[in-house]
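Here the structure is laid out as structure tokens; the discussion comes afterwards.
Number of protein chains: 2
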Amino acid sequence: MANQKSVRSKRKTGNKPARPRMADVGKLAGVSACTVSRAFNSPETVRPQILEKVHKAAKELNYSLNPAAKALRLQQTHIFGVIIPTLNHAMFAELVNSFQSTLSESGYAPVIITTGFDNRNIFDHIRAIVERGAEGLLMVGRVEDPRVREFIERSHLPVVTTYSYLEDESIPSIGFDNYQSARQSVDYLLALGHTKIAMIAGPSQGNDRQQSRIQAFRDAREMAGIKEEWPVVENAYDSAYASGANVMHSLLVSHPDLTAVVCSSDTFAIGALQEAKRMGLRVPEDVSIIGHDDFELAQLLDPALSTVKVPAAEMGKRCAEALLNAKVGNNPIVSRKLNASLILRDSAAPPKTKTKAA
Amino acid sequence: MANQKSVRSKRKTGNKPARPRMADVGKLAGVSACTVSRAFNSPETVRPQILEKVHKAAKELNYSLNPAAKALRLQQTHIFGVIIPTLNHAMFAELVNSFQSTLSESGYAPVIITTGFDNRNIFDHIRAIVERGAEGLLMVGRVEDPRVREFIERSHLPVVTTYSYLEDESIPSIGFDNYQSARQSVDYLLALGHTKIAMIAGPSQGNDRQQSRIQAFRDAREMAGIKEEWPVVENAYDSAYASGANVMHSLLVSHPDLTAVVCSSDTFAIGALQEAKRMGLRVPEDVSIIGHDDFELAQLLDPALSTVKVPAAEMGKRCAEALLNAKVGNNPIVSRKLNASLILRDSAAPPKTKTKAA
DNA sequence: TTGTACGCGTTATCAT
DNA sequence: ATGATAACGCGTACAA
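Sequences listed follow chains A and B, in order. Using my numbering, read the first sequence as starting at 9 and increasing by one per residue. Using my numbering, read the second sequence as starting at 9 and increasing by one per residue.
This is the structure in structure tokens:
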């Protein structure tokens, strides 16, 4: 039977210098591969003198561990998969940023796949990331696709969804109540005396966050006993500021009696605010505007934007911790409802008394 | 010598159901593991009838390839490492987003590590990401740390730096000329007649982009024959809008005769613009402001912000293509200078005639 | 067209 | 404290 050395000599003697292995380091240090392994993984079980020799040899050969071999042997990649609509949105970027930072302290790293807001091919993305060796998954919002649900079920991988807190879900979620977050804003406007309110939302198809917020908007109207329909405009997320402005413009033209607008993202709210001002309207005297997300910029606007603070960084951090706990402590992930509360600033006020109708 | 079957039976019979291997699929399909491998990797070399049986068996066992074993065997992980200051900044997020999208078409994925703006421990991050099996590296800006340079050199991995175009560098770069991009803005203000200009920059330590832009600012002044020093304020990147506003405030107080401000990021410029307006100054009549980056928001501000358009998405895409080409085509990465040009909008105008001094 | 045998580089087990 | 051995799951010469 071929021994290591003869095998070694069989390696292709092509142009590429073969990457050194533990055996090579060991040979140079005068020990076995096994000792080299120990020198790296449990240095306290190796004589200091040998330890030093090994390190010296490793350095000389420019040796580093082969991650694939390690992963194969240990059955772990130290990678979590992140499936997210886009990084090109402040909230998601902040969430992932925080997720990554938290993970890195434990030697884990995320592999990120952006799926866009089109959920149809999310299944293939998930397959791909799992076949890449992800030991756990972070996803955004409610999982609708039954293929995905079944795949997750059968994979026995820890999975957490974020952004939405979903009480009735089998997949654990760490997020906030999107219905409530939007409801707060509308109720506040109602309490201020508004009766003509519009909503600027993102596309709701396959997006439970938007669906919940839109539902909250409609419910609030109904429960306030208002008969008249309120317009809900769904618009694209790309160039969101501009589309917020565009929507605001047509809204103001088609519904000149509108006194307030709720936006399902600060991107829309900021665009809407600029457009209202551009059209010569005062905010909040002529129109009230409430946003959602609490971008850093919100408090700097003129007027400062009243908006719902979304705990993006906290979600990222807690999801990372939950996944880590599931791996190392074998603790099941428990759903967790985080706070998302309305921050009152200066962009909403009681509607003007009916002079406008005159 | 133990054969596969007996080996198989030796597997831990713990609680966890062992993940199926090719041999298991083969057994169920009545073929060898080798045929299963072929069925996945070169289906055209296997009889359709058998192919079908294999697929059926794989599906039944919920089988998927073991990525670690595959990576070990093939010596490839299909992962590129991304070392970036933060995701929590629109430009970096956009860059990475585009990098990732481009990669995913070729079955590659990025592993992202954020290092913050502190470059001191970047070396460890890079080691970590390479030991994780990254087949190539994307980094931001000039690499200063000699340990990093040496590590890259010895790793023989394709590496590309972005954001800065660095002509004199051994490491290829795909980016724009940060000196030129800032110089354009200052020269423009000079041409408009400004002689009292300040700069709001990010921290320049270990950040060649900021250094270049600040240098451009100083050179422009000198070449215009202006003796008087111009203030350069470096400030933190976190809560950048607010700090842009703060800096603008103290600048306006300490240098009331200032007629223009150049910002090295739109975050600063937006904050500065809001603050100037808050203080009752008109932009651009009283102060001109020029930004850098061209956030989507820039054109929506009032006044619309004149700023330098940074090709974030293009950088991400081209870097991905370059790395991919280096892997699959074995083509060396060539540096490439992209365009970053000043977009004139409404936030800069000639300075007021000297009535202010009265 | 299909199967056999073996190595990729690491680490756990067991023996010394 | 250290070494020998085997096994992780896959892909590929080579043989059939």
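For every residue, glycine included, the Cβ atom is placed at its ideal position computed from N, Cα and C.
8 Å Cβ cutoff, residue i in contact with chain A
i: B/Val-1; result: With chain B represented from 9 up to 366, any question about residue 1 of chain B goes unanswered, as that position is not in the structure.
i: B/Pro-28; result: no
i: B/Val-104; result: yes
i: B/Arg-46; result: no
i: B/Thr-122; result: yes
i: B/Glu-68; result: no
i: B/Val-33; result: no
i: B/Gly-144; result: no
i: B/Tyr-5; result: Given a span of 9 to 366 for chain B in the structure shown, any question on residue 5 of chain B remains unanswerable.
i: B/Gln-108; result: yes
i: B/Asp-227; result: no
i: B/Glu-304; result: yes
i: B/Asp-310; result: yes
i: B/Ser-112; result: yes
Contact with chain B by residue i, beta-carbon distance below 8 Å
i: A/Pro-118; result: yes
i: A/Thr-315; result: no
i: A/Gly-324; result: no
i: A/Ser-273; result: no
i: A/Arg-155; result: no
i: A/Arg-162; result: yes
i: A/Gly-337; result: no
i: A/Ala-244; result: no
i: A/Arg-217; result: no
i: A/Arg-140; result: yes
i: A/Ala-334; result: no
Beta carbon of residue i nearer than 8 Å to that of residue j
i: B/Ala-101; j: A/Leu-95; result: yes
i: B/Gly-324; j: B/Thr-122; result: no
i: B/Ala-228; j: B/Asp-185; result: no
i: A/Ile-298; j: A/Ser-273; result: no
i: B/Val-316; j: B/Gln-223; result: no
i: A/Cys-271; j: A/Phe-107; result: no
i: A/Glu-242; j: A/Gly-288; result: no
i: B/Glu-259; j: B/Ala-357; result: A small correction: the amino acid at residue 259 of chain B is Leu; Glu does not occupy that position in the sequence shown. For B/Leu-259 and B/Ala-357, no; Cβs fall outside 8 Å.
i: A/Val-167; j: A/Phe-131; result: no
i: B/His-97; j: B/Tyr-116; result: no
i: A/Tyr-249; j: B/Leu-305; result: yes
i: B/Asp-62; j: B/Val-90; result: Correcting the residue type first, residue 62 of chain B is Val in the shown sequence and not Asp. Against a cut-off of 8 Å, the Cβ pair of B/Val-90 and B/Val-62 comes out as no contact.
i: B/Asp-301; j: B/Met-99; result: yes
i: A/Ala-76; j: B/Ala-76; result: yes
i: B/Pro-319; j: B/Ala-348; result: yes
i: B/Ile-341; j: B/Pro-180; result: yes
i: B/Ala-37; j: B/Ala-65; result: yes
i: A/Phe-159; j: A/Ile-134; result: yes
i: A/Ser-355; j: A/Pro-292; result: yes
Cβ distance (whole Å) where residue i is taken to contact residue j below 8 Å
i: B/Lys-335; j: B/Glu-143; result: 6 Å
i: B/Gly-149; j: B/Asp-216; result: 5 Å
i: B/Ala-284; j: B/Val-295; result: 5 Å
i: B/Leu-165; j: B/Leu-145; result: 6 Å
i: B/Ala-268; j: B/Ile-208; result: In fact, because the Cβ distance is near 11 Å, the residues do not count as touching under 8 Å.
i: B/Gln-282; j: A/Leu-308; result: 5 Å
i: A/Gly-252; j: A/Ile-234; result: Incorrect: roughly 24 Å between the Cβ atoms, too far for contact.
i: B/Ala-321; j: B/Ile-182; result: With a Cβ gap of about 13 Å, B/Ala-321 and B/Ile-182 do not count as contacting.
i: B/Ser-220; j: B/Tyr-187; result: 4 Å
i: A/Val-54; j: A/Arg-46; result: 5 Å
For residue i, the residue or residues it bridges with in DSSP
i: B/Ser-296; result: B/Ala-268
i: B/Val-168; result: B/Leu-146
i: B/Gly-89; result: B/Val-119, B/Leu-145
i: A/Leu-332; result: None; A/Leu-332 has no bridge partner.
i: B/Val-39; result: Answer is none; B/Val-39 lacks a bridge partner.
i: A/Arg-344; result: A/Ile-182
i: A/Ala-209; result: A/Glu-242
i: A/Thr-361; result: None; A/Thr-361 has no bridge partner.
i: B/Ile-351; result: B/Thr-315
i: A/Asp-7; result: The requested residue 7 of chain A is not part of the displayed model; chain A covers only 9 to 366.
Problem set entry | Under 9 Å (Cβ pairs) to chain A, residues found in the segment 275-299 of chain B | Thr-275, Ile-278, Gly-279, Gln-282, Glu-283, Lys-285, Arg-286
Problem set entry | Within 8 Å of chain A by C-beta, residues of the segment 84-96 of chain B in sequence order | Thr-85, His-86, Ile-87, Thr-94, Leu-95, Asn-96
Exercise. Looking at chain B, which residues of the segment 188-215 of chain A have a Cβ within less than 7 Å of any of its Cβ atoms?
Worked result: none
Problem set entry | Selection of the segment 54-83 of chain A by Cβ proximity to chain B, strictly under 9 Å | Asn-70, Ser-72, Leu-73, Asn-74, Pro-75, Ala-76, Ala-77, Lys-78, Ala-79, Leu-80, Arg-81, Leu-82, Gln-83
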